[in-house]
Amino acid sequence: MPSTVTVERVPVELTLPLRSAVLRDGGPAGMPGDDDPATVHLAARTADGRIACVARLSPAPCPWRPEARAPWQLRGMATDPAVRGSGAGRALVRDGLARVAARGGDLVWCDARETAVGFYERMGFTVVAGPYDKPGIGRHRGMVTDLGGR
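Going by the numbering used here, the first residue of the sequence shown is number 8, and it counts up by one from there.
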């Protein structure tokens, strides 16, 4: 486990190399909404400054909880395989959820790859849909976490 993991808001360009390598097998990693001013891009860095994990959060209606007053979507989360299990992903999600709550968000949702469902469950997310295929990406499950108590 790295001795120190820091999470910071970063420009989208710093997230793309890891998103490409981990999520798109080296292919294009940009997504619609990346340049939206409301979108928050985060990076978790190891003590030596290396980016270990990235994700983006953006306001977006939740397909499974249409009653949510201020839902946000977690998307594009990628962790360097060399540091999985080190706490970088946990730190990034905790920080991201706190940032969304501070902005008045009441729910965060994601399309979680089946291989990541356990991680998100440990972070307080609940499976609400799936499994379903995302073309060219694979099997996913819809997950949500309520921010009311944060």
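We put the CB at the ideal spot given by N, CA and C, even for glycine.
Spatially closest choice to residue i from the options, by CA coordinates
| i | options | result |
| --- | --- | --- |
| THR13 | ARG72, ALA54, PHE126 | ALA54 |
| GLY40 | ARG31, LEU64, LEU49 | LEU64 |
| GLY96 | ASP118, MET130, ARG106 | MET130 |
| PRO142 | ARG31, SER27, ALA123 | ARG31 |
| ALA109 | TRP79, GLY33, PRO73, VAL17 | TRP79 |
Supposed contact pair residue j and residue i - C-beta distance, whole angstroms, cut 8 Å
| i | j | result |
| --- | --- | --- |
| ALA85 | LEU25 | 5 Å |
| GLY103 | ALA62 | 6 Å |
| ALA136 | GLY145 | In fact, because the Cβ distance is near 15 Å, the residues do not count as touching under 8 Å. |
Nearest-angstrom Cα separation, counted from residue j out to residue i
| i | j | result |
| --- | --- | --- |
| GLY56 | GLU15 | 11 Å |
| ALA59 | VAL100 | 13 Å |
| VAL47 | TYR139 | 26 Å |
| PRO115 | PRO66 | Per the sequence shown, residue 115 should be read as Val rather than Pro. The straight-line gap from Cα to Cα measures roughly 9 Å. |
| ALA119 | LEU49 | 18 Å |
| VAL107 | ALA28 | 26 Å |
| ALA124 | GLY92 | Looking at the sequence itself, residue 124 is Val, so the reference to Ala does not match. Rounded to the nearest angstrom, the two C-alpha atoms are 14 Å apart. |
| GLY33 | LEU21 | 15 Å |
Beta-bridge partners of residue i, as assigned by DSSP
| i | result |
| --- | --- |
| ALA78 | Here residue 78 is Pro; the residue named in the question, Ala, does not match the sequence. In DSSP, PRO78 forms a bridge with LEU114. |
| GLU15 | ALA50 |
Margin query: Using a Cβ distance threshold of 8 Å, determine whether the segment 109-127 contacts the segment 67-78, with at least three qualifying pairs required.
Written below: yes
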